[in-house]
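Enquirer: Take a look at this one; I'll ask things after.
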Amino acid sequence: MNLLKMSFAISLIGIFLLLMISNTPAKKVEIEKINSEFLNKKIKVSGSIKTIKNYRNFQIIKIKDSNEEINLVQNKKINLTKNQIIQVIGKVDKYKDNFQIRTEKIILIKSLFLYI
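If you want it as structure tokens, here you go:
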């Protein structure tokens with residue numbers, strides 16, 4: 002009976018630790034500071050949308066902060082437009098020697114409209 006209680010307690014502790022790790026907030030990073038240290042880590046960046054390329058099952062969104070650009074890989078097509086300012090949470094990845102971010106969440110911060 003004690004073995005059963007101990008196993009149950011250890012299982013609960015393990016589940017609790019997994020929940021704590023998975024809810025770790027993303028670190029806010031400037032695009033120019035993204036390097037190999039951030040590979041497979043969750044980060045948060047902000048920037049203005051420069052280009053959007055739509056493919057069959059995903060989008061490539063290029064954003065720029067004050068200094069640097071980075072590509073975002075978005076698995077679902079979402080309705081964004083050039084010059085919108087967004088905040089992105091995702092994991093850093095590398096493709097053809099360039100860093101990119103696989104998005105988990107995109108938040109629209111500001112939409113710039115031109116009235117003519």
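In my numbering, the protein residues as written are 2 to 117. For each residue, glycine too, the CB sits at the ideal point set by N, CA and C.
1. May I have a chain-ordered list of the beta strand (DSSP E) segments no shorter than 3 residues that lie completely inside the segment 63-111?
2. Is it buried or exposed, Gly48, if we count other Cβ atoms within 10 angstroms and call 16 or more buried?
3. According to DSSP, is Asn58 helix, strand or coil?
4. Between Asn84, Asn58, Lys63, Ser12, which has its C-alpha nearest Ile120's C-alpha?
Expert: Let me lay it out:
1. Entirely contained in the segment 63-111, the beta strand (DSSP E) runs reaching 3 residues are, in chain order, 70-75, 86-96, 99-111.
2. Residue 48 sits at position 47 when you count from the first residue of the sequence shown. By the neighbour-count rule (16 or more Cβ atoms within 10 Å), Gly48 is buried.
3. On the sequence shown, residue 58 is found 57 positions in, with the first residue counted as 1. Three-state result, Asn58: coil.
4. With the chain represented from 2 up to 117, any question about residue 120 goes unanswered, as that position is not in the structure.
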